[in-house]
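Contents: one structure, followed by commentary.
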Amino acid sequence: MERSQVLRWRLGWLPGEKPRPCPFHPTANLSRTHATNCLQIHSRLQLPESIQDPLSFLLNLLPLKNPTNAQYSASWAVRWPAICLILYELDHIFHNEEIPLAPPNISTLLVEWLQR
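Written out as structure tokens, the structure reads:
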């Protein structure tokens with residue numbers, strides 16, 4: 126699920142190509158900009174507002190190989206679950222579904238890999 130949602134975000138398929146009203150703000154369309162503000166992505170990812178697209182910013186920083194720096198791994202152990210949860214929520218919002226509780230293993234693969 127994580128990979129699918131990350132790919133759809135990167136390809137521009139989340140929140141979707143066709144404008145749709147936001148279920149929380151019916152007068153606004155659910156765009157990337159609106160989703161960033163509506164879901165408070167900057168604060169949830171602990172990033173400054175000056176970063177225009179915080180999800181893409183962090184996805185560009187994903188490690189390609191297992192990092193040797195423990196601090197770097199620890200930061201991803203915090204950020205990756207938040208990224209996965211945001212994409213999970215956005216996916217359900219876009220499909221006009223109620224947001225269920227996130228599955229307990231939503232971000233375990235990358236976090237486990239980083240902790241090796």
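For the sequence shown, position 108 (counting from the first letter as 1) is numbered 233 according to this note's numbering, and the numbering increases by one without interruption. Even for Gly, the Cβ is constructed at its ideal location relative to N, Cα and C. What you are looking at is a predicted structure, and each value in this text was computed from that prediction instead of being measured.
Option in the options with minimal Cα separation from residue i
| i | options | result |
| --- | --- | --- |
| Trp-238 | Ile-218, Pro-188, Gln-130 and Ala-160 | Pro-188 |
| Glu-223 | Ile-231, Asn-230 and Tyr-213 | Tyr-213 |
| Asn-230 | Cys-209, Pro-173, His-217 and Arg-241 | Cys-209 |
| Leu-132 | Pro-225, Ala-199, Leu-172 and Leu-180 | Leu-180 |
| Ala-199 | His-217, Ala-153, Arg-241 and Gln-130 | Arg-241 |
Bridge partner(s) assigned by DSSP for residue i
| i | result |
| --- | --- |
| Pro-146 | Asn-154 |
Proximal residues to residue i (C-beta, below 8 Å), its chain only, five neighbours per side dropped
| i | result |
| --- | --- |
| His-150 | His-159 and Cys-163 |
| Pro-225 | His-217 |
| Ala-202 | Val-236, Leu-239 and Gln-240 |
Own chain partners of residue i with C-beta closer than 7 Å, once the 5 adjacent residues on each side are dropped
| i | result |
| --- | --- |
| Arg-169 | Ala-207 and Ile-211 |
| Trp-134 | Leu-180 and Leu-212 |
Residue i, buried or exposed, once every other Cβ within 10 Å from all chains shown has been counted against 16
| i | result |
| --- | --- |
| Leu-183 | buried |
| Thr-161 | buried |
| Leu-215 | buried |
| Gln-130 | buried |
7 Å Cβ cutoff met for residue i and residue j
| i | j | result |
| --- | --- | --- |
| Leu-235 | Trp-205 | yes |
Nonlocal neighbours in the same chain, by C-beta distance under 6 Å from residue i, ignoring five residues either side
| i | result |
| --- | --- |
| Pro-192 | Ser-198 |
| Ala-153 | Cys-147 and His-159 |
| Glu-174 | His-167 |
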